[in-house]
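A.B. asks: Numbering (the working numbering), first residue to last: 2 to 492.
Think of the CB as a built atom: it goes at the ideal place given N, C-alpha and C, for glycine as much as any other residue.
Computed from a prediction, not measured in an experiment: that's the story for all the values here.
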Amino acid sequence: NFTATFSFAICAACLDNSGVPALGQMAQLDDAMLNPEKYGYTPKNDITAAYKTRFTHSFNTASPASDVQNWFLPAYTARFPTTPVYIGEYHCIGANQVEDVGRVLSTAQQNPLFLGVSFFQYQVAYWKTGSERDFGMFALSSSSLGTFDYFGTTFNLYCLEPQPDDPSAMDMPSAVANAYGGSGIDYSALCQRSPEAVALNASGYSEILAQGSIPQMVGFVERLIHHMGAIAKPGAEGTLQTFSQGFVDGSSGGFEDLASSLGSQPSWIDVDPHAKCVASRSVQPSTIEKAMAWACSQATSFSCDDIPSQCAGNIYRVADYVFSRYYKEVGATNPLTDCSFHGAAVFASSVLYSKWTGTSHCAEGGVATATTRASTTAWAPGTEPGTTAAPATMPITTTVAPGTEPATPIATTTEAAGNTGGVASHGGCVASREAQPDSVQQAMDWACSQVTSFSCSEIPSECMGSTYRTADYVFSRYYKEVGATNPLTDC
2 NFTATFSFAI CAACLDNSGV PALGQMAQLD DAMLNPEKYG YTPKNDITAA
52 YKTRFTHSFN TASPASDVQN WFLPAYTARF PTTPVYIGEY HCIGANQVED
102 VGRVLSTAQQ NPLFLGVSFF QYQVAYWKTG SERDFGMFAL SSSSLGTFDY
152 FGTTFNLYCL EPQPDDPSAM DMPSAVANAY GGSGIDYSAL CQRSPEAVAL
202 NASGYSEILA QGSIPQMVGF VERLIHHMGA IAKPGAEGTL QTFSQGFVDG
252 SSGGFEDLAS SLGSQPSWID VDPHAKCVAS RSVQPSTIEK AMAWACSQAT
302 SFSCDDIPSQ CAGNIYRVAD YVFSRYYKEV GATNPLTDCS FHGAAVFASS
352 VLYSKWTGTS HCAEGGVATA TTRASTTAWA PGTEPGTTAA PATMPITTTV
402 APGTEPATPI ATTTEAAGNT GGVASHGGCV ASREAQPDSV QQAMDWACSQ
452 VTSFSCSEIP SECMGSTYRT ADYVFSRYYK EVGATNPLTD C
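#1: Which whole-angstrom value is the C-beta distance of arginine 326 and serine 287, which I expect to be below 8 Å?
#2: Since alanine 432 is in the beta strand (DSSP E), which residue starts that stretch and which ends it?
#3: On the premise that serine 19 lies in contact with valine 99, defined as a C-beta separation below 8 Å, what is that separation, rounded to the nearest angstrom?
#4: From glycine 95 to leucine 158, what distance separates their C-alpha atoms?
#5: Residue range of the beta strand (DSSP E) that histidine 58 falls in?
#6: Measuring alpha carbon to alpha carbon, tell me which residue in Met138, Phe139, Glu90, Phe156 is nearest leucine 146.
#7: Report the CB separation of phenylalanine 120 from tyrosine 91 in whole angstroms; it is logged as a contact under 8 Å.
#8: If we require 4 or more residues per run, which alpha helix (DSSP H) segments fall completely within the segment 252-322?
#9: Excluding five sequence neighbours on each side, which residues of the same chain lie with their C-beta closer than 7 Å to the C-beta of glycine 117?
#10: Check the DSSP bridge columns for phenylalanine 3 and list the partner residues they point to.
#11: Among Pro65, Asp172, Thr358, which one has its Cα closest to the Cα of glycine 103?
#12: Can you check the segment 153-202 for any beta strand (DSSP E) of at least 3 residues that lies completely inside it and give the ranges in chain order?
#13: Report yes or no: do three or more beta-carbon pairs, one from the segment 41-49 and one from the segment 72-85, lie closer than 8 Å?
#14: Buried or exposed: where does cysteine 12 fall if 16 or more other Cβ atoms within 10 Å of its Cβ makes it buried?
#15: In the DSSP assignment, what are the bridge partners of isoleucine 88?
#16: Here's a check: name, in chain order, each residue in its chain whose Cβ is nearer than 7 Å to the Cβ of glutamine 26, leaving out the five neighbours to either side.
#17: Alpha carbon to alpha carbon, how far is proline 196 from glutamine 217?
#18: Please go through the segment 96-153 and give each complete alpha helix (DSSP H) segment of 4 or more residues, from N-terminal end onward.
#19: Once DSSP output is grouped into helix, strand and coil, what is the label at serine 341?
#20: What residue range is occupied by the uninterrupted beta strand (DSSP E) comprising phenylalanine 348?
#21: What separation, rounded to the nearest whole angstrom, lies between the Cα atoms of phenylalanine 81 and lysine 53?
#22: Of all the options Trp269, Gln299, Asn112, which has the alpha carbon lying nearest to the alpha carbon of glutamate 223?
#23: With the cut-off set at 8 Å, would you say tyrosine 322 and proline 309 are in Cβ contact?
#24: Once the 5 residues before and after serine 454 are set aside, which same chain residues still bring their CB inside 6 Å of it?
#25: What residue from Ala300, Gly213, Asn36, His58 has the CA that sits closest to tyrosine 77's CA?
#26: Who are serine 67's beta bridge partners in DSSP?
#27: Would glycine 484 and serine 350 qualify as a contact pair, given that the criterion is a beta-carbon distance under 8 Å?
#28: In whole angstroms, what separates the C-alpha of threonine 471 from that of glutamine 285?
#29: Answer yes or no: do serine 281 and alanine 345 have a C-beta to C-beta separation smaller than 8 Å?
#30: Could you check the C-alpha separation between glycine 220 and glutamate 463 for me, to the nearest Å?
#31: Would you list the one or two residues that DSSP bridges to alanine 233?
#32: With a cut-off of 8 Å, do at least 3 Cβ pairs link the segment 242-252 to the segment 361-369?
#33: Tell me whether the beta-carbon of tyrosine 188 lies closer than 8 Å to the beta-carbon of aspartate 166.
#34: Taking the alpha carbon of threonine 360 as the reference point, which residue from Gln311, Cys340, Leu241, Gly182 has its own alpha carbon closest?
#35: Between which two residues does the alpha helix (DSSP H) harbouring isoleucine 11 extend?
#36: If distances are taken between C-alpha atoms only, which option among Phe149, Leu259, Ser143 comes closest to glutamate 162?
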């Protein structure tokens, strides 16, 4: 469906000047869609039919729910008895958000034409002025957590700080969550180190302990359990909470006591004998790649040049293959120390890794078999994860889902010498440097499944080491293969 969003203002010059906000604008648009020739427009397609079957009206408002319920909806329902409507930006400044949002949502439940509202807005709009800054649920705190680069400009990374909703005596995010029937999140932990990010050792434990938060400790303990190839049994949430609380208040000891207690396999956890040392899905691909490069440089029982085709299309599946076999090769027995790879790996139970596509096949003991491809994988030998050596090269995807063309533009036409290192001949269809690597990889998967004039398993070594350079090679040749002539649609 499609829409045109109007302000909640009265249009005296519109066809319908009944004095109901937004209705006049909608009536004027309705007339134009039904009678385009009156407005000097000759449509190429039947926009009237599309309007009658696919259109949804919408408006933005800072008015209270009572205005929507008693003033707007009765007139709208009479004027447009079959066309749905929603509020694209809704926030009545100064109202009790629990009550006001709750009321407008209740109205939506009672009126089948009224689809509901989108609460406005997430963060304070600092680029605006005056009352326009009153809508954000979150402000930016005064403390910076660090910096980040955005297209060549460095910005501070500020923590989010919930704005108050004084009439409800709550913070605004919690008030809105309450109105929608939820509980919100623990905002006190927003700017603290996540239990998913700290090291699984005494140092990481100390970081979480210093926060004095039971939910944060629960997250750390649960992650520790998962890294032991186990899960908390269904229904053990209360036991996990109580267990974690003992370490927060100090009554249960420190990290060594925690590890020892879990190592004794208490009755409320389920240890999986089929657990595997595989790639952690919460870690960035660059970290996985460095760890994999090191493991490949050390391995003697298998070769990273012989990654099975079933695993080669995704860096996490490649790492599942490598980490699990290296863990077995060295005769590892302690998952906490031996299945770490500087945080890139996890000793996961089958309950966890069975949810990850391909892991059951690619991990040691799976059905994926090594199939030698062109040896173009340039691992960085002797570089242990965590050092500053150049990242290893990810094997190029050769197995994909055929016929699934990527939906977002990830290629562009350009002069090859400018940014591709000469891999595309004399300028052409190459990878856009503004696209994310994952998008480029997805598009490359598709192209490799379609080509007939070249093979993606024979990428020149000078094009490896960068997803963008590899994609330059693939996109430019596929563009030539299909005899493309229109860069806007074919590249």
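C.D. replies: By the coordinates alone:
#1: Residue numbering aside, residue 326 sits at position 325 when the sequence shown is read from its first letter. Residue numbering aside, residue 287 sits at position 286 when the sequence shown is read from its first letter. About 22 Å; that fails the 8 Å criterion.
#2: To locate residue 432, count along the sequence shown from 1; it is residue 431. Its beta strand (DSSP E) spans residues 429-432.
#3: Within the sequence shown, residue 99 is the residue found at index 98, counting from 1. Within the sequence shown, residue 19 is the residue found at index 18, counting from 1. Actually they are not in contact, since the Cβ atoms of valine 99 and serine 19 sit about 33 Å apart, beyond 8 Å.
#4: The sequence position of residue 95 within the sequence shown is 94, counting from 1. The sequence position of residue 158 within the sequence shown is 157, counting from 1. So the two alpha carbons sit approximately 29 Å from each other.
#5: Position 57 of the sequence shown, counted from the first residue, corresponds to residue 58. First-last of the beta strand (DSSP E) with histidine 58: 58-62.
#6: To locate residue 146, count along the sequence shown from 1; it is residue 145. Among Met138, Phe139, Glu90, Phe156, the Cα nearest to that of leucine 146 belongs to Phe156.
#7: In the sequence shown, residue 120 corresponds to position 119, counting from 1. In the sequence shown, residue 91 corresponds to position 90, counting from 1. With 8 Å as the limit, phenylalanine 120 and tyrosine 91 qualify as a contact, their Cβ atoms being about 6 Å apart.
#8: 256-264, 286-299
#9: For the purposes of this step, residue 117 is taken as the residue at position 116 of the sequence shown. Correct list, in chain order: Tyr87, Leu106, Ala109.
#10: For this step, residue 3 is matched to residue 2 along the sequence shown. For phenylalanine 3, which the question treats as bridged, DSSP gives the partners Phe56.
#11: In the sequence shown, the residue the question calls residue 103 occupies position 102. Comparing Cα positions, the closest option is Pro65.
#12: 154-163
#13: no
#14: Numbered from its first residue, the sequence shown carries residue 12 at position 11. Flag for cysteine 12 reads buried.
#15: As a working note, residue 88 is residue 87 in the sequence shown. Partner(s): Phe60, Val118.
#16: Position 25 of the sequence shown holds residue 26. Cβ within range, chain order: Phe7, Cys12, Cys15.
#17: Position 195 of the sequence shown, counted from the start, is the residue given in the question as residue 196. Position 216 of the sequence shown, counted from the start, is the residue given in the question as residue 217. Straight-line Cα distance between these residues: approximately 6 Å.
#18: 98-111
#19: In the sequence shown, residue 341 corresponds to position 340, counting from 1. In the structure shown, serine 341 sits in coil (DSSP, three-state: anything other than H, G, I, E or B).
#20: One-based indexing of the sequence shown puts residue 348 at position 347. Per DSSP, phenylalanine 348 belongs to the beta strand (DSSP E) from 346-349.
#21: Taking the first residue of the sequence shown as 1, we reach residue 81 at position 80. Taking the first residue of the sequence shown as 1, we reach residue 53 at position 52. Going by the C-alpha atoms only, they are around 11 Å apart.
#22: Numbered from its first residue, the sequence shown carries residue 223 at position 222. Selected option, being the one with the closest Cα: Trp269.
#23: As a first step, residue 322 is located in the sequence shown; it is residue number 321 there, counting from the start. As a first step, residue 309 is located in the sequence shown; it is residue number 308 there, counting from the start. Yes, the pair counts as a contact, with Cβ atoms nearer than the cut-off.
#24: For the purposes of this step, residue 454 is identified with residue 453 of the sequence shown, where counting begins at 1. Excluding sequence neighbours, serine 454 sits near Glu482.
#25: Within the sequence shown, residue 77 is the residue found at index 76, counting from 1. If we check each option's Cα against that of tyrosine 77, His58 comes out closest.
#26: Your numbering for residue 67 matches position 66 in the sequence shown. Note: serine 67 sits in no beta bridge, so no partner.
#27: On the sequence shown, position 483 is the one that residue 484 refers to. On the sequence shown, position 349 is the one that residue 350 refers to. Not in contact: glycine 484 and serine 350 (Cβ atoms no closer than 8 Å).
#28: Here the question's residue 471 lines up with position 470 in the sequence shown. Here the question's residue 285 lines up with position 284 in the sequence shown. If I take the Cα positions, the gap works out to 20 Å.
#29: Reading the sequence shown from its first residue, position 280 is the one you call residue 281. Reading the sequence shown from its first residue, position 344 is the one you call residue 345. Yes. Within cutoff.
#30: By one-based count along the sequence shown, residue 220 stands at place 219. By one-based count along the sequence shown, residue 463 stands at place 462. Spanning the two alpha carbons is a distance of roughly 44 Å.
#31: As a position in the sequence shown, residue 233 is number 232, starting the count at 1. DSSP output for alanine 233 lists Ile270 as bridge partner(s).
#32: no
#33: Numbered from 1 along the sequence shown, position 187 holds the residue referred to as residue 188. Numbered from 1 along the sequence shown, position 165 holds the residue referred to as residue 166. Not in contact: tyrosine 188 and aspartate 166 (Cβ atoms no closer than 8 Å).
#34: Translated into the one-based positions of the sequence shown, residue 360 becomes position 359. The shortest Cα separation from threonine 360 among Gln311, Cys340, Leu241, Gly182 belongs to Gln311.
#35: In the sequence shown, the residue the question calls residue 11 occupies position 10. Careful: isoleucine 11 lies outside any alpha helix (DSSP H) and carries neither H nor E.
#36: Translated into the one-based positions of the sequence shown, residue 162 becomes position 161. Cα-wise, what sits closest to glutamate 162 is Ser143.
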